[in-house]
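In what follows, a structure is listed as structure tokens, so that the remarks can point back to it.
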Amino acid sequence: MTESPPVNGLPIRTLAEVVENRAEGGGGFCLTLSVPGWPGALPGQFVMISAGACAAVERWDPLLPRPMAVYRGHRPAEAGGTTEVQILFKATGAGTRLLAETAPGQRVRMVGPLGVGFPPPGPDQRVCLVGGGTGTASLYEWALQCARTQPVSVLLGARRAQELVGLADFEALGVDLRCATEDGSRGTLGRVTALLEPLLAEAEPGELSLYVCGPTPMMRACSQMAVRSGVRCIVSLENNMACGFGVCLGCAVPMTEGGFSLVCRAGPIYDARDVDWAGLP
Amino acid sequence: MSGPVETAVEFAGIPLRNPVLTASGTFGYGSEFGPFLDLRRIGGFVGKSLTLEPRFGNPPPRIAESPAGMLNAISIENIGVDAFLEEKLPALPEGVVVIASCFGTDPDDYARLAARLSDSPRVSGVEINASCPHVKSGGIEFGQDPELLKDLVRRVREHVSGPLIVKLSPNVTRIAPMAEVCQEAGADGITLINAIQSMEVDVETRRPVLANVLGGLSGPAIRPIALRMVWQASRAVDIPICGVGGIASAEDAVKFLLCGATAIQVGTINYVNPMAAGEIADGILAYAQRHGFSRVADLTGALELDRAPVS
């Protein structure tokens, strides 16, 4: 892979071909897509992917595409070429179960890249990335990029070892990696917040930047811990959305200062202090 | 196959390069589609419903998926008429036809808003949203009572000299009387249908999915209902009709034209495919060519009926 910085291009709508769809255990899948004309993405951006492969006849059920973080494959395609883009997802509902059934050679509809990327840490800061479940997907490229310039700790949490999606890729980064599982099958027994606690206790407020992506209760807990410690905390929010580009207004989340923000356009990346966590469903 | 097909139509006094518009609430303020679609490829777009003051929407969850459709309860979240006129309109390319949608809680709100929008040279027409299914006051109240609707349209008509369109609610027992009062009150055209009032439940939590409890159903699921209402309305009035509801393909759009619509609006499918409106415009042209129509306008009302309908 080249070391050129990823490019944040205008979103495209395209048909992407499935190169591989690998079951990761625990209901997780790693989908590799060959995307023509991929404009490149910033770490933290996402794509909208159709709920299952394109069929011989256009299908309208399930109707809506699903927002998914770009896991790997942030670099733009060469002129006229394609880029391999990877997505991590868990088969939980109708759309993701259909996506889990897609096979190499089939095609899926895709719109992206969408949303904004992660804001950089301070030049002398340590970086701590906290991922829960498939939330780890949005953090991988960011870990890779941050590790070039500063010390990085990655804390991953899941219910059990098989659900630590992308673990092998994070291991290969060679960063400080710690895991927590609720059944104790890998790493510390308990939640990922148990790993975060000592890290925050050791840190001076200004020397650490925290980036968190996972289920809402986990992000809420991490955010509260960070605020208590005076540590900057950036979260990547998930939400249902119909379009992904600021039109359906379905993905609005309440803000601390009042009003709503669209996760698809102003987000999915937010400073945790700006989010009204009590108002999130 | 004959010569070139004329795609231009006129709807409510507005010349359109083809009959494809996009539905209010599904197309933002137009510029959001810039990366995907040249807005000059379609007839025009109807903007998000505006109010006199900016307005926040409902708390989340605001949307839910349903079979071949979706429910929404956004509740007219919008930037307000001033920001639309000062920021959004000037940012659009020349030649894009803009229809502005108005929402209010009483006829005076609607009239003031419609007059301001109608006065802008960049606004080709105004569409009165008399049918939002998920706000507490305004909107659907007007769309469900023929006397209130007639009064509303008459009041707005007094203040608007340009093209005036009324968007009707499907949440009525009979659509024809609603269309008739619009015509009597001086509307230049009718758009139908808005979303169908609906709800969805999460059985695990035993709660409504939408924070607002009730929402509006849209998408392909509602298309046959929309088609039926467009056909009934077109038989009741002489003013032109814009058909909307679940259109996802050119074939869907042609069905509405055949049932009496002069133009159509592409709605929910814009979320799924932001290039859909352009593809549908191309597909209508291809249909006209394939069936030997020299003008797309001739598709309007070209439904072949072998017998009178039962009701």
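Protein chains in written order, with my numbering: chain A, 732 to 1012; chain V, -11 to 299. Backbone N, C-alpha and C define an ideal beta-carbon position, used for all residues, glycine too. Predicted model, so just to flag it, every value in this text is computed and none were measured.
Taken in chain order, the unbroken stretches of alpha helix (DSSP H) that lie wholly in the segment 94 to 170 of chain V and span 4 residues or more are 95 to 107, 128 to 132, 134 to 147. Counting only runs of at least 3 residues, the segment 748 to 781 of chain A fully encloses the following beta strand (DSSP E) elements, listed from N- to C-terminal order: 759 to 767, 777 to 780.
Secondary structure note for A:A800: its beta strand (DSSP E) is the uninterrupted segment 797 to 800. A Cβ of chain V is located within less than 8 Å of the beta carbon of A:D792.
Chain A places no beta carbon closer than 8 Å to that of V:T193, leaving this residue out of the contacts.
For the 8 Å CB-CB criterion, A:V801 and A:A772 form a contact.
At a cut-off of 8 Å between C-beta atoms, V:T14 counts as an interface residue with respect to chain A.
Segment contact: the segment 859 to 872 of chain A against the segment 888 to 905 of chain A, three or more CB-CB distances shorter than 8 Å; contact assigned. Secondary structure note for A:D1007: it is in no beta strand (DSSP E), with a DSSP letter that is neither H nor E. Non-local beta-carbon contacts of A:C982 in its own chain, meaning distances under 7 Å to residues more than five positions away in sequence, involve N970, N971, M972, L993, V994, C995 in chain order. In this structure, V:V8 sits away from V:A285, with a CB-CB distance that is not shorter than 8 Å. For the pair A:A787 and V:T14, the Cα-to-Cα distance works out to about 27 Å. If you look at A:K821, you'll find it in the beta strand (DSSP E) that goes 813 to 821. For the segment 815 to 826 of chain A, there are no residues whose beta carbon sits under 7 Å from a beta carbon of chain V. DSSP places A:G864 within a helical segment (H, G or I) once states are collapsed to three. Note: A:C859 is bridge-paired with A:S884, A:L941 in the DSSP secondary-structure output. Between the segment 243 to 258 of chain V and the segment 210 to 229 of chain V, the count of Cβ pairs shorter than 8 Å is three or higher; the stretches touch.
Taking a Cβ-Cβ threshold of 7 Å, the residues of chain V close to A:A973 are I51, M58, Y259, in chain order. By DSSP's assignment, A:T912 forms a beta bridge with A:A889, A:L920.
When Cβ pairs closer than 8 Å are counted between the two stretches, the segment 44 to 58 of chain V is seen not to touch the segment -3 to 7 of chain V, the count staying below three.
Each of A:P985, A:V1006, A:G977 was checked against the Cα of V:V260, and the nearest Cα belongs to A:G977. Collapsing the DSSP output to three states places V:A88 in a strand. Using a CB distance cut-off of 8 Å, V:F44 counts as an interface residue toward chain A. Nearest neighbour of A:P835 by Cα position, chosen from A:G783, A:C944, A:G843, A:L875, turns out to be A:G783. When C-alpha distances from V:D96 are compared across V:L77, V:F24, V:L136, the shortest belongs to V:L136.
It is roughly 16 Å from the alpha-carbon of V:A61 to the alpha-carbon of V:R195. Per DSSP, A:R959 is not a residue of any beta strand (DSSP E); the alpha helix (DSSP H) it occupies stretches across 947 to 960.
Think of a sphere of 9 Å around the beta carbon of V:P47: the chain A residues whose beta carbon falls inside it are A983, P985, F991, G1010, P1012, in chain order. Between A:L741 and chain V, the shortest Cβ-Cβ separation is below 8 Å. The three-state reading of DSSP puts V:M217 in helix, counting H, G and I together.
When rounded, the separation of the alpha-carbon atoms in A:P796 and A:P844 is 14 Å. Legend: CB atoms of the segment 257 to 288 of chain V lying less than 8 Å from CB atoms of chain A belong to residues N258, Y259, V260, N261, P262, M263. Taking a beta-carbon distance threshold of 8 Å, A:L941 does not count as an interface residue toward chain V. Near chain A, meaning a CB-to-CB distance below 7 Å, the residues of the segment 54 to 88 of chain V are P55, A56, G57, M58, N60, I62, E65. Residue-level contact check: A:F976 touches chain V, since one or more beta carbons of chain V fall below 8 Å from its beta carbon.
If you look at V:L4, you'll find it in the beta strand (DSSP E) that goes 2 to 4.
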